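In the working numbering, the protein residues as written are 296 to 673. Built from N, CA and C at the ideal position, the CB exists for glycine as well. As the structure is a prediction and not an experimental result, all values here were calculated from the model. Please read the structure below before turning to the comments.
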């Protein structure tokens, strides 16, 4: 039983050292996620994160940049050590400057013989208080598959981002985004035998928005099963002025306009009780390719790659596998127009959307049928 510096703090949750979690479930994870954009389609859109998988003995990190028609990916994985304060994976590291407020994220260039064409030294500063989302708890055939907590936050970015030799100076005004921290149980690591679960044809309809407006941010999550029943659903308004607290909003209803031949959104109208939000997609980011979100059989979050492995990948958006695009949500940069009591407000942020598998309300019967094939436009 090895001690680490965090064992000197009164933060233990079980009668064991900090590095051990209160379950032996292989799927326990602890993750950072960040989104960074300049608000325009002609500027890079960065998504990056780091995950720790204590029961798999692995930690990994990724960065994916949508830059014009290119998606440029960095990814790295290493053996997990004893010190939970060590947030490094090769050339990638995270520094918590001020808890729940300011985080620095760094990717050093030119790591040995790895080629990844991305580097950055960025500092995120929250513009609203971080707030917890509804917990996600779900069983399949009696087994707990999801039992997670997550907090979200909108904020601004400063620093430098270099992609394909071009350096962008982030000023903390025109560059913004969102972040979240999640932990708990969800499928990670090497794929497990499906067993009887292979007979389940369950769908996964996912709509998650994190939107920054001038005075507040709105975060809502809406997951449905194949019949349209809500699995997780909740919406909150978080004011920049902490004294105004957090408002629960809803119920959530959505009307999403899809691009023919795909399952991707072109625009959407979402109502949260008396609030109506119209979203228009600015730039889709297919962040699931190469980063560990299940599209690559040789690289999944928590999968053992070796003591330290650093890689780079590159994709053309026009050449992405059309079927694989149907199997992972898309993180869209979007603009938003909100109307409440006749007053209109404009914002921008994340429109994360993924109707995966059957979803009766949308007319999807399987995993590969698309909007165009359902003749719903005629």
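Residues in the same chain with beta-carbon distance under 6 Å from residue i, minus the five sequence neighbours each way, listed in chain order, please.
i: residue 609; result: 367
i: residue 309; result: 317
i: residue 412; result: 367, 459
i: residue 635; result: 570
i: residue 421; result: 396, 448, 450
i: residue 594; result: 587
i: residue 470; result: 333, 452
Assign residue i to buried or exposed, taking buried as 16 or more other Cβ atoms, counted over all protein chains shown, within 10 Å of its Cβ.
i: residue 583; result: buried
i: residue 643; result: buried
i: residue 654; result: buried
i: residue 313; result: buried
i: residue 333; result: buried
i: residue 360; result: buried
i: residue 552; result: exposed
i: residue 603; result: exposed
i: residue 371; result: buried
i: residue 504; result: buried
i: residue 456; result: buried
i: residue 517; result: buried
Taking the beta strand (DSSP E) that residue i falls in, what are its first and last residues?
i: residue 418; result: 413-421
i: residue 324; result: 323-332
i: residue 611; result: 603-611
i: residue 499; result: 499-507
i: residue 636; result: First-last for residue 636: undefined, no H or E at that position.
i: residue 562; result: 560-567
i: residue 549; result: 547-553
i: residue 543; result: 541-544
i: residue 519; result: 511-519
i: residue 474; result: 461-480
Please go through the same chain and pick out, in chain order, the residues whose beta-carbon is closer than 8 Å to the beta-carbon of residue i, but skip the five residues on each side of it.
i: residue 669; result: Note that residue 669 scores a pLDDT of 44, beneath 50, so its modelled location is shaky and nothing firm can be said.
i: residue 426; result: 446, 447, 448, 514, 531, 533, 541
i: residue 544; result: 513, 515, 530, 531, 532, 567, 568, 570
i: residue 580; result: 340, 342, 359, 361, 366, 625, 626, 627, 628
Got a sec? Which residues, its chain only, sit under 7 Å from residue i by beta carbon, not counting five neighbours each side?
i: residue 624; result: 501, 647, 648, 649
i: residue 307; result: 313
i: residue 402; result: 358, 369, 386, 387, 413, 414, 415
i: residue 611; result: 364, 365
Are the C-beta of residue i and some C-beta of chain B separated by less than 8 Å?
i: residue 420; result: The structure shown contains no chain B; it is built from a single protein chain.
What distance in whole Å lies between the Cβ atoms of residue j and residue i, which are believed to be in contact at a cut-off of 8 Å?
i: residue 418; j: residue 462; result: About 16 Å separates the two Cβ atoms, so there is no contact after all.
i: residue 621; j: residue 651; result: 7 Å
i: residue 391; j: residue 373; result: Actually they are not in contact, since the Cβ atoms of residue 391 and residue 373 sit about 19 Å apart, beyond 8 Å.
i: residue 326; j: residue 345; result: 7 Å
i: residue 355; j: residue 300; result: That belief does not hold up - the Cβ atoms of residue 355 and residue 300 are roughly 22 Å apart, past 8 Å.
Whole runs of the beta strand (DSSP E) within the segment 429-454, excluding any shorter than 3 residues: 431-435
Ordered list of beta strand (DSSP E) runs contained in the segment 333-368, each at least 3 residues: 340-348, 353-362
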